[in-house]
Every structure is written in C-alpha cells, then in structure tokens.
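The UniProt record's numbering applies: residue 1 is where the sequence shown begins, and numbers increase by one.
Backbone N, C-alpha and C define an ideal beta-carbon position, used for all residues, glycine too.
Down below is the structure, laid out as structure tokens.
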Amino acid sequence: RKDAENVSFEMPTSEKTKLNSQALNISYETEKVKFDSTTTHKKVKVDGDYDVDNMSGNSFDGLRQWNVTDFETTTQEFKLSSKNQDIKWVTGLYLDKEDREQGPYGYESDYYGSVYQANYKSSATSKTQAVFGQVIIPIIEKVDLTLGGRYQRIKKEVDADVKRIWGGNPIGEFSYKDEKTWNSFLPKAALTYKINDNLTTYVSISKGYLPGGLNYTPSNATTNLSKENTFEPQKSINYEIGAKYIGDSFALNTAIFRMDIKDVHAYYVDNIGNFFVDNAKEGHSQGIEVDGTYFLTDNWSIFGSLGLIQAKYDDFDNGKRKFNGERIQETPNYTANLGVSYLADSGIYGRVDLYAQGSNNFFNSSYNSGEGKIIKTDGGITANAKIGYKFKDWDIYGYIKNITNEDYVTSFMERDGNAWIGFNEPRKFGIGAIYKF
Numbered sequence: 001r002k003d004a005e006n007v008s009f010e011m012p013t014s015e016k017t018k019l020n021s022q023a024l025n026i027s028y029e030t031e032k033v034k035f036d037s038t039t040t041h042k043k044v045k046v047d048g049d050y051d052v053d054n055m056s057g058n059s060f061d062g063l064r065q066w067n068v069t070d071f072e073t074t075t076q077e078f079k080l081s082s083k084n085q086d087i088k089w090v091t092g093l094y095l096d097k098e099d100r101e102q103g104p105y106g107y108e109s110d111y112y113g114s115v116y117q118a119n120y121k122s123s124a125t126s127k128t129q130a131v132f133g134q135v136i137i138p139i140i141e142k143v144d145l146t147l148g149g150r151y152q153r154i155k156k157e158v159d160a161d162v163k164r165i166w167g168g169n170p171i172g173e174f175s176y177k178d179e180k181t182w183n184s185f186l187p188k189a190a191l192t193y194k195i196n197d198n199l200t201t202y203v204s205i206s207k208g209y210l211p212g213g214l215n216y217t218p219s220n221a222t223t224n225l226s227k228e229n230t231f232e233p234q235k236s237i238n239y240e241i242g243a244k245y246i247g248d249s250f251a252l253n254t255a256i257f258r259m260d261i262k263d264v265h266a267y268y269v270d271n272i273g274n275f276f277v278d279n280a281k282e283g284h285s286q287g288i289e290v291d292g293t294y295f296l297t298d299n300w301s302i303f304g305s306l307g308l309i310q311a312k313y314d315d316f317d318n319g320k321r322k323f324n325g326e327r328i329q330e331t332p333n334y335t336a337n338l339g340v341s342y343l344a345d346s347g348i349y350g351r352v353d354l355y356a357q358g359s360n361n362f363f364n365s366s367y368n369s370g371e372g373k374i375i376k377t378d379g380g381i382t383a384n385a386k387i388g389y390k391f392k393d394w395d396i397y398g399y400i401k402n403i404t405n406e407d408y409v410t411s412f413m414e415r416d417g418n419a420w421i422g423f424n425e426p427r428k429f430g431i432g433a434i435y436k437f
C-alpha cells in the first residue's frame, strides 16, 4: 500500500456510490407461538470513471475504464416459532428479488498500436423462493435430536449486449440472453448431549450451498454461449463435532469440521478484462475453531478466537493445467483475535483487540491463458480500540481502527501485465453517537 500512496495518472478518476436502504420488523407473540416478519429494501447506484492502467507516460495515456451499475434488492421473511414447549420448532418462508442494470461498463486498451474498446450492457434478475423448518426433539434424557431442512428455488436471467471496437472498426459484437433455474433441498441433522449444566457436546451433518449464476460480462469464445457463461451451484456436505462450556467465570466453544465440496466456485479475470466465475470439480476444507471469554471481574473480560483451516482443490483442471492440491483461493490458512473489554457500572466502557489473518491465495489472469499461476500473499495483524459512555438512551464513543496502519492483501486481479490489489482498511479514527428510542 505504501508503494501506491503516490501514483501518476493522466485521466481523472472518481467513483460515486449512493445507497438507500430500509428495514421493517414486525413481531407478535402468544403464550405458545411467536410470529416474525422481516422486510428489507436496498438500492445502490455506482458511477465510476477511472484511468485504465493507473499510470502515465505510456501508450495507455488517455484511455479509460467506466462503470455505471444500479442494484435494487427486496427481501421478505415470515417466521413462526414455538414458545414454552418441550419440542422446539421453527418454520417459515423466504423470498427475495434482485434487479441489476449494468452499463455502460467497459474499458479501453492499447492493442498493437490501435485503441481496443470493450463495452458491456446488461440487465439481470435473480429471484429466490424458499421454505424452511427445524425441530429439536428430546429423545432420551440429556440427548436432543435436531432435524431441519430448506427447500429453495433460485431463478436467474440475464440479457447482455457486448460491443467491441478496434481501431475504430466494430469487431466481435454479440448478444447473450439466458435464464437458469436451480432447485435444491438442504437437510440438516444433529445430536446434542448435555453432559451437565455447564458442558454440552454435539455432532452434526448438513448440506451447504452457494447459488450458481450467469456471467454479466459474457464471452463468445465457443458457439455454446449458455454453457460458456454459466457456473453451477457450489455444493458441500458438512460434518462438525464440537463442545460448548458455560461456567461461572468463562465460556468456551470448540469445533472440528470437514467439508467435502463439489463444483467449487473459482473467481478470476481473463486477459481481456472479463470477470468470470468457473467451477472446480471437487475440493475439501477442514479445520479447528476455538473461541472463548474469561471474566476477570464483573467489569473486565478477556476474549479470543482461533481458526485453523486447510482448504484445497482435489480435482480442478481448467484446460491449461491441473490445480489439484493447490489451496482454494481467498481462504486464509488461519484467523485469530484477542482482546480485553471493560464495562463500568457508571456506563463507561472500552475495548482493545488484535486481529490476525494468515497467508492467502489468488488467481492471476494467466489462469485462462497460460500456466495458471496462483499468487500467494502474506497475512497481517491489526489492532483496534474503542472507548465510550452509555447513559439513558445515549451511547457516545470514540474509536481507532488499525492503530499501526498495518496492511495485507484482500483482493488481487491482473490483466495485460498490470495488477490491481486491494488491501484491508487503513488506519481510521472517529467519534460517534447512538440514540435509541
């Protein structure tokens, strides 16, 4: 990040984001049942204009990138749950819809001495309908059985126009219109054993799911546009065994997990700037998680967590080379935090914490047209602090995040030999106030 603090580019660069969101929650309770309704609505507008290579004094001078994108998302959840019953249950209905309008969206580039321009304009819609339920049944003394499931239907549509110009002449213009629907059932089962009033153990198995989709910046490298620009849902079978302890002076949670994954999502940018999602056939993730809190006094506590993870591709061939045994992209090998907090009876409070993240992996553009190189980046440690005062309906506070201004990479993409690197948030401090009514 320090190397990029002073850059020279000749094209004005700006990005403006407007966000408008609302949420409404309605609850109604009887002696045995509780009803909840949660509605959300969000509109986001992005308008950006950028220097194409973030440099100057070369053949890319005067060339731009641009992005105009509008999102509108509405969600609705109805939930019915039990109260004061031996058998605990919850059931409900979930709906969402997202409309996405993108364009103009594209860039210019110097290609063999002439200007190459690509522009994408697309309209996309995503709709989800789901029903869900879960029940916790006491089967014998100290042992509970949890059974749950979610059945969902996801439909996605896209209508995109692609225009490419080289040296003032149109090349490779095409349109892409497609729709896909995925139906899935996601079951869950767990057994819980309460050893005593403080210690509970459990074992669970469930099915995980990340939706598939359609690429907004389509490619026409083959004649089968639908297959080329569709990525399938990522599915997993998740196993977990763990324990939870709640004592007078401390609480501790531990878990060991394993995920067997099919159609792992892989994200990359190709050499001409298209953003793509692909599927690796198989992968796995496994690790250990520990978190806990120790109460030193009524006012002071220490808290922390540690997660160790091994995530690798088991079967992944992009047609250029195999990635079998490589770490799954954007999965740090560990995360950890440690902190101390203070809450006085008078309302004064404060906390200081450390956050650590291990090394990470990212694809570069040669994924699609070379040896398939993976970039490894180092992790980092950041520190944060907050102090405040609560009284009546007010909360007044001051904070500082990333005290030492530590940096580590959170995103990476490369095109035409140029790399765009995203970092964690730099040092930031401020004051704030919250009023509740």
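Per-residue burial, Q22 [other beta carbons within 10 Å of its own, 16 or more giving buried]: Taking every protein chain shown into account, the CB of Q22 has fewer than 16 other CB atoms within 10 angstroms, so this residue is exposed.
Nearest-angstrom Cα separation, counted from I26 out to K376: Cα to Cα, the separation comes out at about 47 Å.
Distance between K390 and D248 (C-alpha atoms, nearest Å): Roughly 26 Å between the two C-alpha positions.
Beta strand (DSSP E) runs wholly inside the segment 385-437, at least 3 long, in chain order: The qualifying runs are 394-401, 409-415, 418-423 and 428-435.
CB contact flag (I403, A419, <7 Å): Taking C-beta atoms as the reference points, I403 and A419 fail to come closer than 7 Å.
DSSP three-state assignment for S175, whether helix, strand or coil: Three-state DSSP puts S175 in a strand.
Beta-carbon gap between L308 and Y342 smaller than 7 Å: Going by C-beta atoms, L308 is not nearer than 7 Å to Y342.
Selected residue, minimal CA-CA separation from F71, among T17, T230, T297 and S8: Ranked by Cα distance from F71, the options T17, T230, T297 and S8 are led by T17.
G283 to T331 span [Cα, whole Å]: So the alpha carbons of these two residues sit roughly 13 Å apart.
Length of the line joining the Cα atoms of D317 and D178: When the Cα atoms are used, D317 and D178 turn out to be separated by approximately 26 Å.
Cβ distance (whole Å) where A190 is taken to contact Y202 below 8 Å: The C-beta distance from A190 to Y202 rounds to 6 Å, short enough to fall under 8 Å.
Closest Cα partner of V7 within the set D51, E31 and K42: Considering only alpha carbons, the answer is D51.
Which of helix, strand or coil DSSP assigns to L225: Looking at L225 - three-state DSSP - the assignment turns out to be helix.
Inter-residue CB distance, D407 and F423 (contact presumed, cutoff 8 Å): The Cβ separation is near 5 Å, so the contact holds.
Residue nearest to N388 in terms of C-alpha spacing, selected from S359, L214, G350 and F362: The question names Asn, but residue 388 is Gly in the sequence shown. For the options S359, L214, G350 and F362, the alpha carbon positioned closest to that of G388 is the one of G350.
Stretch pair the segment 88-105 + the segment 121-128: three plus CB contacts closer than 8 Å: Because the criterion of three Cβ pairs below 8 Å is met, the segment 88-105 and the segment 121-128 touch.
Which of helix, strand or coil DSSP assigns to F362: Of the three classes helix, strand and coil, the one that applies to F362 here is strand, per DSSP.
Proximity to I421 [Cα-Cα], best of R427, I431 and T410: Ranking R427, I431 and T410 by Cα distance to I421 puts T410 first.
Reference G48, options N54, N67 and K32, closest by Cα: Comparing Cα-Cα distances from G48 to each of N54, N67 and K32, the minimum goes to N67.
Helix, strand or coil at M11 [DSSP, three-state]: Coil.
C-alpha gap between F276 and Y116, whole angstroms: Approximately 20 Å, taken between the alpha carbons.
Per DSSP, cross-strand counterpart(s) of F275: Among the bridge pairs identified by DSSP, F275 is matched with V269.
Nearest residue (CA-CA) to L80, options G358, D86, T73 and Y94: When only C-alpha atoms are compared, the closest one is Y94.
Contacting residues, own chain, Cβ-Cβ under 6 Å from T39 (five flanking each side not counted): Contacts found: L24 and Q76.
F60 classed as buried or exposed, judged by whether at least 16 other C-beta atoms fall within 10 angstroms: Result: buried.
H265 versus R258 - alpha carbon distance: H265 and R258: Cα-Cα distance of roughly 18 Å.
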